[in-house]
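Residue numbers (the working numbering): 3 to 141.
For reference, the structure discussed in these notes is given below.
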Amino acid sequence: MIKVTDKISIDESEFTEEFVRAGGPGGQHVNKVSTAVQLRFDIPGSKLPNDVKLCLKRLGGARVSTEGVLILSSRSHRSRERNREAAIERLVALVRRATERPRARIKTRPSRAKRAKRMDTKTKHGKLKKSRGRVRPDD
Numbered sequence: 003m004i005k006v007t008d009k010i011s012i013d014e015s016e017f018t019e020e021f022v023r024a025g026g027p028g029g030q031h032v033n034k035v036s037t038a039v040q041l042r043f044d045i046p047g048s049k050l051p052n053d054v055k056l057c058l059k060r061l062g063g064a065r066v067s068t069e070g071v072l073i074l075s076s077r078s079h080r081s082r083e084r085n086r087e088a089a090i091e092r093l094v095a096l097v098r099r100a101t102e103r104p105r106a107r108i109k110t111r112p113s114r115a116k117r118a119k120r121m122d123t124k125t126k127h128g129k130l131k132k133s134r135g136r137v138r139p140d141d
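Below, the structure is given as structure tokens:
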């Protein structure tokens with residue numbers, strides 16, 4: 003069990019890992035060893051609360067497939083274990099962000115002086131535009 007918050011934890015059976023070859027520079031080592039990891043987390047099939055699932059789908063963006071599977075890949079380290087740990091850390095960070103409640107927006111109104119200034123600016127701009135009439139040639 004991977005602890006995310008006090009109340010939420012992820013069981014390791016809820017996600018799958020697939021090790022693939024990492025591209026880029028690295029010579030012979032990178033061509034023969036599968037060190038990059040693709041971590042797949044099934045959001046609808048997980049035991050997370052429904053509101054966290056919805057928020058996680060939104061936060062995942064393009065990394066979430068049409069079936070609702072979150073795919074995280076890590077290829078920054080040379081070893082499988084470190085890439086695996088990095089991918090799990092990213093998953094935990096995403097779930098932790100999904101548990102945070104957004105602050106309620108407090109409605110505000112512009113002051114009377116701000117509204118008056120805005121109207122004055124609009125009036126001046128309108129007068130300026132109105133003065134840009136067609137130029138008539140002198141007869």
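The beta carbon of each residue, even a glycine, is placed where N, CA and C say it ideally should be.
Residue burial is scored here from C-beta neighbours: Ser78 has fewer than 16 other C-beta atoms within 10 angstroms and is therefore classed as exposed. Selection Ala115, Lys116, Asp140 and Arg99 evaluated against Arg60 yields Arg99 as nearest (Cα-Cα). Fewer than three Cβ pairs drawn from the segment 120-130 and the segment 65-78 lie within less than 8 Å of each other, which leaves the two stretches out of contact. If you draw a straight line from the Cα of Glu87 to the Cα of Leu93, it comes to about 10 Å. Residue pairing by DSSP places Ala118 in no beta bridge whatsoever. Residue pairing by DSSP places Val66 opposite Leu72 in a beta bridge.
Under the 10 Å beta carbon count, Val54 is surrounded by 16 or more other beta carbons and is classified as buried. Counting every other CB atom within 10 Å of its CB across the protein chains shown gives Val137 a total below 16, marking it as exposed.
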